[in-house]
Each structure stands twice: as C-alpha cells, then as structure tokens.
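The block underneath contains the structure these notes are about, expressed in structure tokens.
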Amino acid sequence: MKITRKWQWLAGMMAVLLVVGGVAYSRTRVHADSSRIKVVFWHEMKGPGQQAIDAYVKAFNHQQSKYEVVAEFEGGYNGVIQKILNTHGTAASPALFQSMDISTSQMYHSGFTTPMQKFIDRDHYDADQIIPGAKAIVMRDNQLLAMPFNASQTALYYNKRVLRQYGITPPPVDPTYDDITRVAKAIHDKSHGKVKGMTMEAYSWLFEQLVANAGVPVANHDNGHTGNATKVDFTSPAAINAMKWVKENIDYSDFMNFGSGGNAAANEAASFLAGHLGIFMQSSANTGQLYQVLKNDLGVTYFPRPNGQRANGS
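Start counting the sequence shown at 486; every next residue gets the next number (my numbering).
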C-alpha cells in the first residue's frame with residue numbers, strides 16, 4: 486500500500502474522508518510518465534470549497550516529490566457513493582474519497598474501505614487534535630472509521646435587510662421554536678404576505694437535526710454508533726413537537742414550501758437572496774456563498790431548539 490500519510494495532510498481541513506481498500510489501490514501506482522505515486526482523490530466540493538481543496542492539493546504536491554494527489558470533482562454525495570460501489574476493485578476507483586457522514590456505516594459494512602483507525606494506530610497520529618463533535622460522528626466502538634474533513638452542521642439564516650425594512654427584531658443567536666415563529670409571522674404580517682416568513686426543505690437530515698437538538702436519537706443503538714441500527718422512531722415526543730412547529734407556520738401561511746431535492750435547495754436560496762423569504766434552514770456550508778451576496782445583511786443563528794429546553798447540539 487502506497488498512501489502512508491496523505492490523510493494527515495487532509496485531516497487539517499475537517500471532513501468525512503474514506504480510504505478505499507483492496508484492488509482499488511491500482512490508482513496509486515507509479516505512472517509511466519512520472520516518478521511520483523499518483524493518489525486519486527474524489528470529492529464533491531464546488532465553489533469556494535473546491536477552490537480550497539485545489540489550493541491544498543497544489544501546496545502538498547509542491548512540498549514533496551514522492552506523491553502527486555489528483556483531486557477530481559465527482560458530483561453530489563449520493564452519486565459518489567454509487568460510483569465507489571460500482572467501481573470498487575477496478576482501476577477506475579480512487580484511493581481516497583469524500584463522503585457524507587451518513588454513508589460511513591454503509592461503507593463500513595461494504596468492506597470496501599479501510600478504517601482510518603488503522604492508520605492512526607500505525608503512525609501514532611494524535612486523534613485528540615480532531616474536534617470532538619466531528620470525531621464522534623464517525624466513531625464506532627471507539628474506532629475512527631473515517632477522517633473528519635469538512636464537517637458542516639445545520640444553521641438558520643435570516644435576511645437582516647428584510648427585518649430592518651419591516652422593523653422586526655432579529656431572533657437570538659440560540660433561538661427557540663417560538664423565537665423563529667415570532668419573526669416569521671411578523672415578516673408575513675408586516676409585508677402583507679409579500680415576503681414569506683420561513684421555510685424548511687423537506688429533507689430528512691434537517692428533520693433529524695431538529696430531533697437531535699432535543700437530545701433524542703432517531704435510530705436505536707445510539708443512532709448506530711454502538712451497534713447496527715435496526716429501528717427508527719419518528720413518533721417520539723421530540724419528533725412530533727418538531728413537526729407541530731413546522732405545521733403551525735404552514736397553517737399561518739408564513740411558510741413557503743419549496744419541496745425537496747436539489748432544485749428546492751437552490752430555489753429557497755434564490756428566494757432568500759432576492760428578499761422574498763426571510764428565514765431558511767440549511768447546511769452551514771452555504772454561509773460563504775450567501776455572504777458573497779448579502780455581506781453583513783446575512784444573519785446566522787444556531788439551529789432552533791424546543792421551547793423551554795437547552796440545545797443538545799445537532
């Protein structure tokens with residue numbers, strides 16, 4: 486195996502990074518036109534994220550002459566997982582790839598990847614320097630299955646310009662459901678329905694994070710960290726409370742429904758940036774692109790928590 490320490494270079498960025506095992510290491514062989522060992526790395530970053538990866542790759546390739554990392558954009562998270570499953574064992578498969586955290590268990594059970602713990606133990610890497618929350622996501626039985634790489638979390642965004650226009654007090658940094666409902670209803674009322682108060686994409690991850698912020702797992706065995714998840718609970722008090730909160734805003738007509746999928750996420754962001762939507766919830770990875778347009782008019786808070794309850798963290 487020829488990829489001893491490249492993952493240490495990538496570790497400083499923070500993401501879910503997996504090492505492909507088995508025959509797929511043919512993509513780390515020395516190419517005839519170069520004395521370097523080429524290490525193919527599949528990623529899913531676009532925009533500022535892709536620019537950052539390209540800069541890190543360029544810097545790494547210049548600081549040593551043994552390896553040449555080749556970063557290749559391969560599309561969305563789900564698409565890359567399918568490509569890994571379909572190309573494993575062939576020369577088309579990469580040595581390293583970026584994955585969303587929820588695919589870690591799938592890849593662990595596939596047997597196609599090498600747990601990151603193997604390299605940590607072999608090279609005596611200090612895993613304590615990894616942010617604990619990000620590390621916990623990819624741990625199983627105290628073993629690190631993947632390397633945290635670009636750990637994002639759910640965030641709530643609001644348009645300060647819209648709130649200023651209608652004289653509305655912004656939500657606190659650590660808002661409750663009622664805090665967000667107050668602002669959303671005020672946006673709807675004071676704009677006479679011209680601006681929708683809020684939205685939340687019909688995306689399972691966002692729902693899961695509402696439940697997690699209430700301190701409740703969605704799946705058994707600690708959401709699969711201590712054993713194979715065999716049951717899920719969508720009817721816990723925390724889950725029902727979260728859906729009642731969403732429904733309250735839908736019933737009041739301050740909620741705009743964009744549906745689900747990539748188009749939904751793009752449309753809600755466009756509506757938000759155009760001032761037709763006051764609040765929406767998405768990944769913190771959106772912050773950079775939103776800031777490029779709104780600058781200091783971009784408001785960001787933690788994901789909302791149930792009324793009367795401390796945030797558990799998403």
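Even for Gly, the Cβ is constructed at its ideal location relative to N, Cα and C. Computed from a predicted structure; not experimentally measured.
Do residue 502 and residue 591 come within 7 Å of each other at the CB atom, strictly closer than that value? Along the sequence shown, one-based indexing puts residue 591 at 106. Along the sequence shown, one-based indexing puts residue 502 at 17. It is not a contact, given that the beta carbons lie outside the stated cut-off.
Measure the C-alpha to C-alpha separation of residue 717 and residue 595 and round it to an integer number of angstroms. By 1-based counting over the sequence shown, the position of residue 717 is 232. By 1-based counting over the sequence shown, the position of residue 595 is 110. One C-alpha to the other measures close to 22 Å.
Would you please state the rounded distance, in angstroms, between the beta carbons of residue 769 and residue 602? I believe it to be under 8 Å. Numbered from its first residue, the sequence shown carries residue 769 at position 284. Numbered from its first residue, the sequence shown carries residue 602 at position 117. No, residue 769 and residue 602 are not in contact; Cβ-Cβ is about 27 Å, not under 8 Å.
Return the first residue and the last residue of the beta strand (DSSP E) that residue 783 is part of. As a working mapping, residue 783 is identified with position 298 in the sequence shown. Its beta strand (DSSP E) spans residues 783-787.
Proximity to residue 649 [Cα-Cα], best of 661, 671, 641: The count along the sequence shown starts at 1 and reaches residue 649 at position 164. Answer by Cα proximity: 671.
Can you have a look at residue 570 and say buried or exposed, based on whether 16 or more other CB atoms are within 10 angstroms of its CB? Residue mapping note: residue 570 aligns to position 85 of the sequence shown, counting from 1. Under this definition residue 570 is an exposed residue.
With three or more beta-carbon pairs closer than 8 Å as the criterion, would you say the stretch 542-553 touches the stretch 600-615? no
CB-CB under 6 Å to residue 555, same chain, minus the five flanking residues each way: which ones, in chain order? Within the sequence shown, the letter at position 70 stands for residue 555. The answer, listed in chain order, is 523, 525.
Candidates 577, 552, 762: closest to residue 559 by CA position: Start at 1 with the first residue of the sequence shown, and residue 559 comes out as number 74. Checked all of 577, 552, 762; the closest Cα to residue 559 is 577.
Please list the terminal residues of the continuous beta strand (DSSP E) segment that includes residue 543. In the sequence shown, the residue the question calls residue 543 occupies position 58. DSSP places residue 543 outside any beta strand (DSSP E); the residue lies instead in the alpha helix (DSSP H), whose first and last residues are 533-548.
Counted within 10 angstroms of its Cβ, other Cβ atoms place residue 665 as buried (16 or more) or exposed: As a position in the sequence shown, residue 665 is number 180, starting the count at 1. It counts as buried.
Write down the C-beta distance between residue 693 and residue 753 rounded to the nearest angstrom, noting that I regard them as a contact closer than 8 Å. The sequence position of residue 693 within the sequence shown is 208, counting from 1. The sequence position of residue 753 within the sequence shown is 268, counting from 1. That belief does not hold up - the Cβ atoms of residue 693 and residue 753 are roughly 18 Å apart, past 8 Å.
Residues in its own chain within less than 8 Å of residue 561 by CB, not counting five upstream and five downstream? For the purposes of this step, residue 561 is taken as residue 76 along the sequence shown, with counting starting at 1. Contacts found: 529, 747.
For a test of the three-state rule: what should DSSP assign to residue 737, helix, strand or coil? Start at 1 with the first residue of the sequence shown, and residue 737 comes out as number 252. In the structure shown, residue 737 sits in a helix (DSSP, three-state: H, G or I).
Under three-state DSSP, which class holds residue 682? Looking up residue 682 in the sequence shown gives position 197. Residue 682 falls in the strand class under three-state DSSP.
Check this for me: beta carbons of residue 575 and residue 505, under 7 Å apart or not? Residue mapping note: residue 575 aligns to position 90 of the sequence shown, counting from 1. Residue mapping note: residue 505 aligns to position 20 of the sequence shown, counting from 1. No, the pair does not count as a contact, with Cβ atoms beyond the cut-off.
Considering only the beta carbon of each residue, do residue 763 and residue 680 sit closer than 7 Å? Walking along the sequence shown from the start, residue 763 turns up at place 278. Walking along the sequence shown from the start, residue 680 turns up at place 195. Contact: yes.
Count the other CB atoms, across all protein chains shown, that sit within 10 Å of the CB of residue 475; report buried if there are 16 or more and exposed otherwise. Residue 475 is absent from the structure shown; the chain starts at 486 and stops at 799.
Hey, which unbroken runs of the beta strand (DSSP E) at 3 residues or more fall wholly within the stretch 713-771? 762-768
Given residue 531 as reference, the closest of 557, 552, 551 once Cα atoms are compared: Within the sequence shown, residue 531 is the residue found at index 46, counting from 1. Of all alpha-carbon atoms in 557, 552, 551, the one lying nearest the alpha-carbon of residue 531 is that of 557.
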